[in-house]
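Protein chains in written order, with my numbering: chain L, 1478 to 1660; chain S, 1478 to 1660; chain Z, 492 to 566; chain C, 492 to 566; chain W, 29 to 401; chain V, 29 to 401; chain U, 3 to 263; chain X, 3 to 263.
Since the structure comes first, as structure tokens, the remarks are kept for the end.
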Amino acid sequence: MTEEMIIAGFGGQGVLSMGKILAYSGIMEDKEVTWFPSYGPEMRGGTANVTVIVSDTRISSPVLQEYDTAIILNQQSMDKFEKAVKPGGVLLYDPNGIVNPPTRTDINIFKVEATKASVEMGNPKVFNMIVFGSYLKVRPILSLDNVEKGLAKSLPERYHKLIPLNLDAMQKGREIVEEVNVV
Amino acid sequence: MTEEMIIAGFGGQGVLSMGKILAYSGIMEDKEVTWFPSYGPEMRGGTANVTVIVSDTRISSPVLQEYDTAIILNQQSMDKFEKAVKPGGVLLYDPNGIVNPPTRTDINIFKVEATKASVEMGNPKVFNMIVFGSYLKVRPILSLDNVEKGLAKSLPERYHKLIPLNLDAMQKGREIVEEVNVV
Amino acid sequence: MAKVIGAVVVDKEACKGCSVCVEACPHDVLALHLEVNSKGYHYSYMQNPEACVGCANCGVVCPDTCITVYRAKAS
Amino acid sequence: MAKVIGAVVVDKEACKGCSVCVEACPHDVLALHLEVNSKGYHYSYMQNPEACVGCANCGVVCPDTCITVYRAKAS
Amino acid sequence: MGEIKLMKGNEVLAEAAIRCGCDGYFGYPITPQSEVMETLMAREPWKETGMVVLQAESEVASINMVYGAAATGKKIMTSSSSPGISLMAEGISYLAGAELPCLLVNVQRGGPGLGTIQPSQADYFQAVKGGGHGDYKLIVLAPSSVQEMNDFVDLGFELAFKYRNPAMILADGAIGQMMEKVELADYKPRWTKEEVVEKNGGWATTGKPSSRKKNVITSLEMASNDMEVRNINLQAKYRKMEEEDVRYEAIQCDDAEFILVAFGTAARVCQKAVEVARAKGLKVGLLRPITLFPFPKTIIKELARKAVGFLSVEMSAGQMVEDIKLAVYDAGSNARVNYFGRMGGIIPTPTEVVEALEDKFSWELSYGVKRSY
Amino acid sequence: MGEIKLMKGNEVLAEAAIRCGCDGYFGYPITPQSEVMETLMAREPWKETGMVVLQAESEVASINMVYGAAATGKKIMTSSSSPGISLMAEGISYLAGAELPCLLVNVQRGGPGLGTIQPSQADYFQAVKGGGHGDYKLIVLAPSSVQEMNDFVDLGFELAFKYRNPAMILADGAIGQMMEKVELADYKPRWTKEEVVEKNGGWATTGKPSSRKKNVITSLEMASNDMEVRNINLQAKYRKMEEEDVRYEAIQCDDAEFILVAFGTAARVCQKAVEVARAKGLKVGLLRPITLFPFPKTIIKELARKAVGFLSVEMSAGQMVEDIKLAVYDAGSNARVNYFGRMGGIIPTPTEVVEALEDKFSWELSYGVKRSY
Amino acid sequence: MDIQDIIKPENLVYQKTKLLTDTPMHYCPGCSHGVVHKILAELIDEMGLQDKSIGVAPVGCAVFAYNYIDIDWQEAAHGRAPAVATGISRVNPDAFVFTYQGDGDLASIGAAEIMHACNRGENILVIFINNGIYGMTGGQMAPTTLEGMVTATTPNGRNVELNGYPMRITNLIAQLPGTSYVTRQSVHTAGGVRKCKKAVKKAIQNVLDKKGTSFVEVVSTCNSGWKLSPVASNKWMEENMIPYYPLGDMKDSVKGEHSEN
Amino acid sequence: MDIQDIIKPENLVYQKTKLLTDTPMHYCPGCSHGVVHKILAELIDEMGLQDKSIGVAPVGCAVFAYNYIDIDWQEAAHGRAPAVATGISRVNPDAFVFTYQGDGDLASIGAAEIMHACNRGENILVIFINNGIYGMTGGQMAPTTLEGMVTATTPNGRNVELNGYPMRITNLIAQLPGTSYVTRQSVHTAGGVRKCKKAVKKAIQNVLDKKGTSFVEVVSTCNSGWKLSPVASNKWMEENMIPYYPLGDMKDSVKGEHSEN
Ligand SMILES: Cc1ncc(C[n+]2csc(CCOP(=O)(O)OP(=O)(O)O)c2C)c(N)n1
Ligand SMILES: Cc1ncc(C[n+]2csc(CCOP(=O)(O)OP(=O)(O)O)c2C)c(N)n1
Ligand code: SF4
Ligand code: SF4
Ligand code: SF4
Ligand code: SF4
Ligand code: SF4
Ligand code: SF4
Ligand SMILES: [Mg+2]
Ligand SMILES: [Mg+2]
């Protein structure tokens, strides 16, 4: 199994930490992982993205041109990464702020109203965990057990009390994700 | 004709400028010349020397290990350069301050009491020209005409009035130089 | 004395929603909009247009020079 | 009050003939020798040894620390 | 087994430094390696192991702080990225000239000039041929994973002290910025004052006791003869490194007709390229130099006897390819050496590498024999 | 014929700069090249031609002053010696990245570190492979006489402007310090403001008139793609230099079985060595690269077809020898390439060179044939 | 009167100067850099200096300044802008040359270059953006970071014992005989912006009059680095930065006048 | 009493300290460097610091200082002695670390390093030999060269318009909060030498007491560079250098005290 993915959105949406939890969860399942962020000043106020690879075997390049899965959280990232999803791959997005939704017909497109749901849950900070939950629903590459362990590992001790809230958010994401049929 | 020589003594004895006049005189005679000084802080208060090569043909290295002629003006230089004169070559020295005079028997040794003579002439500054004169007596590689031209070239305009004095000093050197027989 | 009235035009797409103009306005004319522009910023707009006196403070402090200011004598 | 008398020993070979000690001596004891040492320097020596009071000024200012100073009560 | 963590290459450098008993880090922020110092500052090792961490006013200052601290016989390091390393050129030449053990890290970005902050390998020449003046060599280690970022800190210090020579970890922005699983080393205590004196008291400026002559750290010799002796000794040391401390990894080279040669991030890509090529039926292997100096000449010479050709895959305009050619030349082989690379911060893809291989060796691939001249 | 003078290499650099219409010199004192600035300051060219001469606070400042002034399209130069050139590494990489024409002079001394002030050629790698970070090349000219110190100032500027690239004169302490007969060039006027705009207004920061877009001098590209394009363009420019501007001198190479390869002062020595060797009946020639980059590969390839072997004679531990080997390798020749050199400020003697030749090629000299592997 | 009646060309009182390009600035929302750029652009326009101006951009957040003001620019190596400007100005004595530098650039890595350019009295304007931090590289300590201030390299606050003291480099600059006008300004209020503009105008005029180096420090915010909102940053700056870096002219004289010390 | 009666061990009042080695100094006759070396050697001996001392030699005439004082030494790159000393001192907090630097080394190429080491309050002693010239390289202009002074690079005298102003860097150093004791001395008279020694002693004690950076400028001669005899140099220095660089303590406080500016 090898999952090559990108998570892309605004800085501040928790893109990098979502990737980190995913990678840690992979480690808990004894997989090889790489996590490679966009870096540098272009991040400033603009977009942030991270490439995550989870694999059973040694991983070659941490930087990719094509992805099995793209999680897309703003319009700029949609413009940049929709075309980079491998045929047959997955594109998961939050429609909030997306003016031009994806149009490809050779990939599987899912949408999750995570912004809305996080506001409903009264905590915009769990936004990324809702997205993460919906991703795992669509691509069940890791056991939820190990994801919980990964979460614990990637959060500093003092935030461990927030784990249940995060798990709830993930559950929410599993529930609200829906497939989109491009016509 | 190729003359490979070193002039060595204290800083302040006019070693470098003697070399320069020699080289300029060479140019006046359409010869190739190089003039290569010792340089850097070791000069400070210590010894100074210059390697001069005058040749009919293109000159290779400006730095030499062996010399046709060595003009030696203090003990340190004697210690360093007596051994570097080619067999059959010339060593010319001023005995002032020389504690250990040269001992080689396979070279031609000349001495010139230039310090003394310059004091007698009432002008210690012409010391180097006395030495230069004696050198040209021993090694008449350049015509005196061209030496006079070389002198004019190497002195700034405003010192040209000193040329006759310098020529006198050279004449003095020609007169007082004497061969030394090592026994 | 004729009353001076003003108005500003905010370049909505250029605005980064920093709120510096909001703070700088002596007459509480400006506010950040609930909506975001295409870059995701809550942009500045005239919430109380009638209060504007065209003093240009907002324009002067805006780091992205998004604000054009007009002033006229009230007729 | 017993008169203090001094004497200095100049390391002739180490001396560079800079004359700083000569200048520093309050009693004009020192001078540069007409002779040179093996490095060609006119070295410092006690020209007026009787005038020395052993104040060590010469030693203190000598950059090459060539001067050793002695002082005794005149007997 | 040591502690397992998910960490960035840059963070691991900091962690490994603390754990291997490093005494001091001096650095100046620059992307993409600022996390090294940031991690150290957050970890506050001065409270834990006594390790000193100081943000210098510049890279020029950093490298000279390293000089001063390393000359006291302790384990000292700095890190920077390309333009910052250039500013260290004089200091590095001094360190090499004075034979001071220390660890330098270059997390390379694209040049020349201010360039880009994206990963690059275009400082290979600077690292192995000498960015500074004079004849000198650094021991250059090229990690290709976060784990090696961890391991090479200790190894770097070990080699640096073995030879009294600066060692450099030549990484790139990708290895510095990416997170991978890493097994951390156990803590080694810092050398005590006594241990420092015992190990390095023969040359280090530890304060002169009456029992020994003064120790002087310098790279200056006024007399050319003395300076030449220094140089001869340095060269002898470098030959010894070439004999004793070459490191590389050879992957599927045994039956390979074509050898990809790549280090660092490019080697990661090439590993995949080998898979892709083998799947196509091409007999391709990968030689990954781990020490860039001393360069793995001997294995290249050996491989040159059997292989049809080498493809040097680099994130530069082609620098290491020269060292491969030199090794092949020395072997008297007529194996062909080609280059493929990307520049300006771009990492090549495995597919590109295989295509380049097929393109550059199209003749050999058609005729299946070594080209003869 | 121009004015004939007896001058030091360093003095001539200054004189030639004034005469060729140089607009500005920025430098910092260092032995063995301080006479360059000293001569300029004594000549006061600002009164004569308008040329500016400024003593900077450091070499780091000098090279960045060169950057600023050169970016306005004028003829700007600096000079230094080895440690000072190392300090310029970042600035040189910036100059190359921003493609600024200018003239740099390195009057080399022995390294590494503070080293010695005596002549050396150990900065060859630094000059031709890149002391700074990133993929870039300088045009490198190696004078071997005071006359060439004169001639290469104008030539250096010419090439620098032809390619919008920094050029370097790589001299050494011997050439800088020695006096020889030199024929000075006639005065060329400095470019007027209009001429500067006409020639370089397309890129130089001359002040933006409304008639053109703003000119920006930078080496930065945030996007890797753009940075790669810059690099590709740079590489294309370097290939063009290799095609159009290689310079060398071949002495008695026509019938030579053995070729000495040497530049600068070492080439002077080798010229004598050729005489000595020929007197012994050895068929020896001398190839003197004048441009070290672009390196005279083609002639080496040609010579490699006939010659038994090459001996690279250097005042370093052996640096240029690698470029000779690379050229021979590219030629597919099996001519042998050896190295002989002295370090630390020592100039080899002609006799030593001939002995080294006889020693290193004793096999070939006995059997008179090319060694086959 | 309706808004649309006011928004008419004849009522225009403030708009973007044409010397600011259309390229959107890459700065974080609320960053002081944008305001200072605007001041410069306006003055270069108003004073008719576009064809005489050569700007020197630093390495720092303002590295892309060259994209925003429509004049010729050079991008200098980190800290070396004063040397670059010296080079330009010496061979183009009639150009209006200025550097635009951050506190890391000017006071840390470039300390020697700024001191010496000012000591030589280079005929240039120096704009010094003191935001107490390294903005571009992600918020590390700068020489001007205040005691106790949290940055990426002082995560527990600047400890002066370990990290040294916040440096008032402008005070030192003012004492160098090569400088003629040295002032400290801020741009966080409309009044501040207007005052600062006046100061920069005077500084530019000094350069045109060849009076030596003019130096304008702008005490600024870096809300990203400070991890505060732009508005909160301005407040924090007023309460913390300005007391340590008090605003006002520090020197207004002619080049060559020696300091008292 | 005969001279030979006076020259007896029991009458010895002044001799070369044993911490000065037997290597003859390479300095020109009468050069101030030798005197300052002697002061340091005597104090290190008297204060019992030989095994704690690590000296940092500059690039400049004093590059060979390590040959003359019998302690451990490091030879630093030109201008970088304060960074080198910082490195030493930070990882060896109990060592007595000092730099010995010339005016070119400290005030020109090394301006950033000295300012920052002093600003951080590194616990080191800085000896600053201000002879107004670059001695080692043959007498070029230094930042401290006086107006009108002839050097190899100002053959017609320093013209402040072209070459900038003589820099009183010590005055600036004194204002940095990291310094505790900053003083300016001279060694051209016996009294001066004794005073200077006292100052250096105090400075060393400050370092031992971890009070921050101590800085001793010694206004010096370079008779070779000045092209005067040693004695005439001393006179010239008194008449020209000292008025511009007046002697005396500039700061005597504790680290962390801020300057007035
Ligand atoms: C030689 C070198 N060292 C370090 C860097 C990394 N770097 C880029 S900007 C910067 C500091 C920026 O801070 P400042 O000058 O205060 O500007 P700001 O971003 O705060 O406006 C640093 C350290 C670099 N590009 N080059
Ligand atoms: C990087 C570098 N630049 C320049 C030099 C040449 N250099 C050696 S000493 C020196 C200046 C010495 O002057 P100063 O520091 O005043 O010491 P002094 O000799 O007067 O005691 C210079 C420029 C060098 N060695 N290294
Ligand atoms: S012009 Fe003045 S009153 Fe009107 S919005 Fe702007 S700041 Fe407020
Ligand atoms: S100051 Fe400018 S960018 Fe900020 S909110 Fe107001 S209009 Fe928008
Ligand atoms: S000890 Fe005093 S009196 Fe005696 S020679 Fe020396 S300075 Fe003169
Ligand atoms: S001060 Fe010392 S070196 Fe100078 S003359 Fe006196 S004894 Fe000799
Ligand atoms: S990081 Fe700071 S200085 Fe840079 S743009 Fe953002 S707010 Fe401005
Ligand atoms: S050159 Fe000057 S500083 Fe150097 S030793 Fe001679 S007198 Fe002293
Ligand atoms: Mg800043
Ligand atoms: Mg000096």
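C-beta: ideal position from N, C-alpha, C; glycine also.
Item: Proximity winner among S/1563, S/1585, S/1644 and S/1614, relative to residue 1626 of chain S (alpha-carbon distances); Value: S/1644
Item: Validate contact between the stretch 122–138 of chain V and the stretch 195–209 of chain V using beta carbons, cut 8 Å, 3 pairs; Value: yes
Item: Residue environment, residue 1 of chain V, which counts as buried when at least 16 other CB atoms sit within 10 Å; Value: With chain V running from 29 to 401 in the structure shown, residue 1 of chain V is simply not present.
Item: For residue 149 of chain U, the first and last residue of its enclosing alpha helix (DSSP H); Value: Counting along the chain, residue 149 of chain U falls outside any alpha helix (DSSP H), and DSSP gives it neither H nor E.
Item: Length of the line joining the Cα atoms of residue 221 of chain W and residue 77 of chain W; Value: 14 Å
Item: C-alpha distance - residue 378 of chain V paired with residue 1587 of chain S, whole-angstrom precision; Value: 29 Å
Item: DSSP beta-bridge partners of residue 75 of chain X; Value: W/244 and X/57
Item: Contact with chain X by residue 80 of chain U, beta-carbon distance below 9 Å; Value: no
Item: Through-space distance from residue 180 of chain V to residue 1511 of chain S, alpha-carbon basis; Value: 19 Å
Item: Closer than 8 Å: residue 63 of chain U CB and nearest ligand 9 heavy atom; Value: yes
Item: Contact check, residue 117 of chain X vs residue 174 of chain X, beta carbons under 9 Å; Value: yes
Item: Short CB-CB distance (under 9 Å) between residue 1558 of chain L and chain Z; Value: no
Item: For residue 1595 of chain L and residue 503 of chain Z, the rounded distance between their alpha carbons; Value: 27 Å
Item: Neighbour-count burial assignment, residue 230 of chain V, 16 or more Cβ in a 10 Å radius; Value: exposed
Item: Identity of the residues DSSP links to residue 1510 of chain L by a beta bridge; Value: L/1531
Item: Cα-Cα separation between residue 1485 of chain L and residue 167 of chain X, rounded to whole angstroms; Value: 56 Å
Item: Chain V contact for residue 1646 of chain S (CB, 9 Å cutoff); Value: no
Item: Chain X contact for residue 245 of chain W (CB, 9 Å cutoff); Value: yes
Item: Per-residue contacts from residue 1633 of chain L into chain W (C-beta, under 9 Å); Value: Going along chain W, no residue has its Cβ under 9 Å from residue 1633 of chain L, so there is no contact; the nearest lies around 12 Å.
Item: Beta-carbon spacing of residue 1581 of chain L, residue 1659 of chain L below 9 Å; Value: yes
Item: Beta-carbon contacts of residue 560 of chain Z that lie in its chain and below 6 Å, excluding the five residues immediately before and after; Value: 499, 545, 547 and 550
Item: Limits of the alpha helix (DSSP H) - the one that residue 1609 of chain L falls within; Value: 1604–1615
Item: Integer Cβ distance of residue 144 of chain X from residue 131 of chain X, believed to fall under 8 Å; Value: In fact, because the Cβ distance is near 11 Å, the residues do not count as touching under 8 Å.
Item: CB contact below 9 Å: residue 1542 of chain L versus chain Z; Value: no
Item: Contact check, residue 1618 of chain L vs residue 1478 of chain L, beta carbons under 9 Å; Value: yes
Item: Cβ contact (3+ pairs, closer than 8 Å) linking the stretch 358–376 of chain V and the stretch 252–263 of chain W; Value: yes
Item: Residue 139 of chain U vs residue 59 of chain W beta-carbon contact at 9 Å; Value: yes
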